[in-house]
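Read the structure below first, then the notes.
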Amino acid sequence: MIKILAKWESLSASSGIVRFLDINLRSIGQVMFQDNPLTGLLFLAAIAWGSYAAGVPRVAIAGVLAVVVANVTAQWLNADQASLHAGLYGYNGVLVGLALTTFLSPNALMWVYVVLGASVSVIAMLGTVNALKPWGVSSLTFPFVLTTWLLLLATYGFSGLTGAALPAGDVVTAFQRYEVNPLELIDLVQGVLQSISQVFLKASGVAGLLLLAGLAVNSWAAAAFALAGAILAVLAAHLFGAESELVTGGLLGFSPVLTAIALGAVFYRPSWRVAIYAMLGTLVTVIAQAALNVALTPLAIPALTAPFVLITWIFLLPRQCFEPASTATDDAATARTT
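According to our numbering, the sequence shown holds residues 36 to 373 in order.
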């Protein structure tokens, strides 16, 4: 594997086209903190399969278009080359493309929205990095969340764009109790795999397995924390009495998966203390996911990965509690360490 990556890196250094392909693959991998083109390729396969299986291949196409547009925008803005080559300016873009085409009805304006959103995500990324430097924390997927929320909310003011899959807006009322179905083993497996695949807005067990494989290619620790985070999220959501379809569909687990990877395998060196800390953050993210789902109900927009961003920031700010993964924080690490 090391030899293959070394040959690929050598080829990238000698060819501008291959280098740009490498940047885009790394950008896709960076959605789950992985700076590895092979991981990005497996993640792209997961996106393609999940989109095809759901009968919406346009979503995968939009993801590819968006990551390319984002990286072209970063080059045009003369963004930091090391961060660009690590894929740090494209991962928000691919998520914007996937989200917009998932929630909006397909038409020509939707594609204009994808290009616009991917470009703006880079500007939002640059601004967020500068704003967060004094705090010493990463921007994570905040640029994706901010850009997508803005664009989705705007559709309620435009007749040319409609949110076919957006949540229904409603006034928050007292919780209506319903019967929670028992969590069978098959439900647990489905919930775990789809919690992982929903990071890329896909409800697919196969996609979840491809994503786990992509993580394992670059970091066994990241794969382990993703799996552990998904299991904890599904069990916690079920024990708290969440709606069964949300639990098994992974809709309460994707943000916790990202939190588990970030705290357990990226920003701190793995240890038992860090593992416990990461699982605590993961558990709190489940609660934050439910809370933001409710809070955003009147606005009729999805929470996206906002719970992950919020809770990971909270758990990173007291960073002096643990030895950081690197004693030197460069611009690329500050930008995300994704």
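By construction, the Cβ of each residue, glycine as well, lies at the ideal position given by its N, Cα and C atoms.
Of the residues Val292, Ala272, Val157 and Gly192, the one whose Cα lies closest to the Cα of leucine 181 is Val157. Unbroken alpha helix (DSSP H) runs of no fewer than 4 residues, entirely contained in the stretch 128 to 195, are found at 143 to 167 and 177 to 189, following chain order. Distance check between leucine 281 and each of Val107, Asn216 and Ser174 places Asn216 closest, using alpha-carbon atoms only. Taking each of Val241, Ala297 and Gln110 in turn and checking the Cα distance to arginine 354, the smallest one comes out for Ala297.
Leucine 60 and leucine 112 have their alpha carbons spaced roughly 20 Å apart.
In the DSSP annotation of this structure, the continuous segment of the alpha helix (DSSP H) that includes alanine 259 starts and ends at 255 to 274. Under the Cβ criterion (8 Å, minimum of three pairs), the stretch 64 to 78 counts as touching the stretch 119 to 134.
Between threonine 190 and serine 154, the C-beta spacing is not below 8 Å. Leucine 79: member of the alpha helix (DSSP H) spanning 72 to 88, first to last residue.
At the C-beta level, alanine 97 and serine 232 stay beyond 8 Å of one another. Counting along the chain, no alpha helix (DSSP H) covers proline 353, and no H or E run does either. In the DSSP annotation of this structure, the continuous segment of the alpha helix (DSSP H) that includes leucine 119 starts and ends at 116 to 120.
Taking C-beta separations shorter than 7 Å and ignoring five residues to either side along the sequence, the partners of leucine 287 in its chain run Ala268, Ala272, Ala277, Leu281, Val321, Gln324 and Ala325, following chain order. Distance between leucine 327 and threonine 294, taken at the CA atoms: about 16 Å. Rounded to whole angstroms, the Cβ separation of leucine 144 and glycine 195 is 5 Å, and the two are in contact under 8 Å. Restricting attention to Leu334, His120, Gly285 and Leu187, the CA atom closest to the CA of aspartate 57 is found in His120. Here tyrosine 303 carries a strand assignment [DSSP, helix/strand/coil]. Nearest neighbour of phenylalanine 78 by Cα position, chosen from Ala159, Val99 and Val147, turns out to be Val99. Measuring C-alpha to C-alpha distances from phenylalanine 179 to each of Phe350, Ile266, Leu352 and Pro342 identifies Pro342 as the nearest. Comparing alpha carbon positions, the residue from Ala338, Thr347 and Ile349 closest to leucine 188 is Ala338.
With a beta-carbon spacing of about 11 Å, threonine 137 and valine 149 fall beyond the 8 Å limit used to define contacts. Assigned with DSSP and collapsed to three states, valine 103 falls in helix. Taking a C-beta distance under 8 Å as the contact criterion, leucine 236 and alanine 134 qualify as a contact pair. Of the residues Pro333, Ala265, Thr317 and Leu161, the one whose Cα lies closest to the Cα of phenylalanine 350 is Thr317. Spanning the alpha carbons of valine 329 and alanine 335 requires a straight line of approximately 10 Å.
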